[in-house]
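Accompanying notes for the structure given below.
Number of protein chains: 2
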Amino acid sequence: MNVKYLNIYNEIISKIENDKFGTNAKLPSENQMIEEYNVSRDTIRKALNLLEQNGYIQKIQGKGSFVLDINKFNFPVSGLTSFKELTQKMNVECRTFLKELEKIPVDHFLKMQMDLLDDDEVWKVIRVREIGGKKIILDKDYFFTKYVPSLTKEICEDSIYQYLENQVGLKISFAKKEITVQQASDEDKKYLDFENCNIIVVVKNYIYLEDMNLFQYTESRHMPDKFKFESFARRK
Amino acid sequence: MNVKYLNIYNEIISKIENDKFGTNAKLPSENQMIEEYNVSRDTIRKALNLLEQNGYIQKIQGKGSFVLDINKFNFPVSGLTSFKELTQKMNVECRTFLKELEKIPVDHFLKMQMDLLDDDEVWKVIRVREIGGKKIILDKDYFFTKYVPSLTKEICEDSIYQYLENQVGLKISFAKKEITVQQASDEDKKYLDFENCNIIVVVKNYIYLEDMNLFQYTESRHMPDKFKFESFARRK
DNA sequence: AAGTGGTCTAGACCACGCG
DNA sequence: GCGTGGTCTAGACCACTTG
């Protein structure tokens with residue numbers, strides 16, 4: 320890409336991940352970086368602010384910018400990231416099983432969830448995620464057909480997001496997430512490796528495009544003993 | 320405060336919350352705001368970027384800035400916010416019961432959780448939160464005595480954060496959060512209104528000061544049927 | 001006093017949406 | 001073509017930390 324501050328941002332991330340900043344983990348000062356990258360101070364500061372927001376560094380006025388301990392603060396699963404992107408980063412062995420793929424009219428349940436009145440059509444995709452040999456997550460995705468005209472078995476088994484962003488050209492922008500704990504349904508028990516517990520962790524995702532239109536609703540249903548949600552937050 | 324972009328940020332938030340931007344919910348353009356507030360474009364953009372990050376607005380290049388539906392995206396509980404601040408915003412009836420308050424040496428459990436070796440002392444605070452007449456949350460807080468020299472019953476029953484930031488002058492900066500689901504402990508059953516379930520949702524918080532030192536570890540233990548975690552995320 | 005990050009300004013050019 | 005937001009620059013002054 321042609322955006323300087325994003326290039327610098329990514330470059331610094333990879334330097335942090337490869338431990339290029341020495342033992343005390345102090346970044347060069349902004350003035351040093353201005354010379355190093357040959358850009359203005361504002362461009363450096365944009366990159367540093369992004370790093371700070373995302374938990375990579377901490378800036379302290381009068382002292383400098385410091386790397387936050389990578390093992391403690393990296394890879395929060397709290398963002399808007401696809402399952403494939405997550406597993407690639409975390410380097411775990413996992414498989415995806417496509418259970419259902421069909422085009423259906425919006426029913427009452429979806430009208431409630433997606434807060435709609437009209438008679439749109441959606442793609443319903445049900446997939447099971449297996450990690451370390453155990454079926455742990457049941458993903459139920461619903462995509463508006465008006466944004467996603469076609470969807471195939473191959474795409475669903477690989478990465479739907481990659482397809483939507485690169486092939487279809489959708490601009491996925493933001494999501495509202497919601498985590499609750501519920502009684503497991505018959506569908507959960509049918510698809511997942513339940514033992515003696517009948518509780519399920521439900522992560523609902525309402526996902527919006529850049530034009531603020533809802534295009535996807537997702538329920539990720541997790542086995543409770545394998546569920547872990549991490550995030551990073553800053554005090555306002 | 321003397322910071323222009325924060326003043327503008329807060330002013331726009333309150334305008335959004337009071338529905339001052341009309342039906343289509345389009346904000347004035349950046350150029351209009353420059354005149355309205357008599358500041359430079361960069362100052363306006365800082366305020367707007369903050370609003371966008373926190374889910375208040377969506378900017379669309381070539382079109383403008385638009386308010387995100389307040390009912391859908393407001394008040395995410397995912398940040399670094401104290402219980403008192405949350406309940407004040409949400410306008411619910413709740414009570415806090417202080418169960419334990421003592422100064423203890425760091426034990427093995429805390430050494431593991433807080434990743435420490437030395438023999439520091441901590442304040443241990445156990446509080447029960449009652450909402451709508453039901454005891455729903457068990458909060459176990461541990462504060463380093465080196466940062467928090469004194470702590471009283473009155474402070475614990477009001478707002479510890481208010482005391483720490485305003486009286487002690489601590490600069491609370493960021494936190495790592497972790498949500499898991501566990502078997503309920505005897506302590507959970509002793510303090511909370513359990514019925515037939517024996518599962519508890521555990522929200523762990525590791526809270527750091529501006530100088531990157533850990534000063535607090537907190538476990539918020541929630542009844543699963545009352546637990547709901549909401550957050551807002553943007554695609555990178 | 002020197003160096004660091006924090007805020008603010010004024011101006012330039014670019015990319016996008018719309019009529 | 002115009003107005004919108006996105007990026008980049010150069011310079012100023014302030015607040016804070018450290019020696």
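Protein chains in written order, with my numbering: chain A, 320 to 555; chain B, 320 to 555.
Backbone N, C-alpha and C fix where the C-beta goes; we use that ideal spot for every residue, glycine too.
Apply the 10 Å Cβ neighbour rule to residue i and answer buried if 16 or more other Cβ atoms are within range, or exposed otherwise.
| i | result |
| --- | --- |
| Pro543/A | buried |
| Phe428/A | exposed |
| Met352/A | buried |
| Ser384/A | buried |
| Gly381/B | exposed |
| Gly374/A | buried |
| Asp460/A | buried |
| Ser492/B | buried |
| Lys472/A | exposed |
| Gln377/B | buried |
| Lys520/A | Residue identity check: residue 520/A is Val in the sequence provided, not Lys. So Val520/A ends up on the buried side. |
| Val441/B | buried |
| Asp426/B | exposed |
| Ile331/B | buried |
Taking C-alpha atoms, which residue in the options lies nearest to residue i?
| i | options | result |
| --- | --- | --- |
| Tyr466/A | Val444/A, Asn485/A, Phe534/A and Lys454/A | Phe534/A |
| Tyr510/A | Ser492/A, Arg540/A and Phe493/A | Arg540/A |
| Thr415/B | Gln502/B, Leu470/B and Ile479/B | Ile479/B |
| Ile455/A | Cys475/A, Val487/A, Met531/A and Glu412/A | Glu412/A |
| Phe513/A | Ser550/A, Lys496/A, Ile332/A and Glu449/A | Glu449/A |
| Asn517/B | Thr499/B, Asp505/B and Tyr527/B | Asp505/B |
| Gly451/B | Asp439/B, Ser333/B and Lys545/B | Lys545/B |
| Asp458/A | Asn350/A, Val522/A and Ser333/A | Val522/A |
| Arg446/B | Asp426/B, Lys418/B and Leu399/B | Lys418/B |
| Ala494/B | Tyr536/A, Asn532/A, Lys508/A and Phe551/A | Phe551/A |
| Asp530/B | Met431/B, Leu370/B, Lys490/B and Leu325/B | Lys490/B |
| Val487/A | Ile474/A, Glu497/A and Gln407/A | Ile474/A |
| Glu497/B | Phe340/B, Tyr482/B, Leu483/B and Asn524/B | Asn524/B |
| Thr403/B | Leu367/B, Leu325/B and Asp477/B | Here the sequence assigns Lys to residue 403/B, which means Thr is not the residue at that position. Ranking the options by Cα distance to Lys403/B, first place goes to Asp477/B. |
| Lys334/B | Leu370/B, Val444/B, Lys453/B and Leu528/B | Leu370/B |
| Ser401/B | Arg553/B, Asp338/B, Glu538/B and Lys555/B | Glu538/B |
| Glu421/A | Thr406/A, Asn410/A, Gln432/A and Thr464/A | Thr464/A |
| Glu355/A | Phe462/A, Lys323/A, Asn337/A and Asn368/A | Lys323/A |
Determine which residues share a DSSP beta bridge with residue i and list them.
| i | result |
| --- | --- |
| Asn515/A | DSSP lists no partner for Asn515/A. |
| Ile423/B | Val441/B |
| Ile526/B | Ala494/B and Gln535/B |
| Arg554/B | Per DSSP, none; premise fails for Arg554/B. |
| Phe548/B | Ile498/A |
| Ile455/B | Paired residues: none, contrary to the question. |
I need the DSSP call for residue i, collapsed to helix, strand or coil.
| i | result |
| --- | --- |
| Ser333/B | helix |
| Gln380/B | coil |
| Tyr324/B | helix |
| Asp388/B | coil |
| Lys418/A | strand |
| Leu533/B | strand |
| Glu449/B | strand |
| Lys465/A | coil |
| Leu405/B | helix |
| Leu429/A | helix |
3-residue-minimum beta strand (DSSP E) runs that sit fully inside the segment 476 to 500 of chain B, ordered along the chain: The qualifying runs do not exist here; there are none.
Secondary structure, alpha helix (DSSP H): runs of 4+ residues fully inside the segment 335 to 380 of chain B: Runs of alpha helix (DSSP H) with 4 or more residues, each lying fully within the segment 335 to 380 of chain B, are found at 349 to 356 and 360 to 372, listed in chain order.
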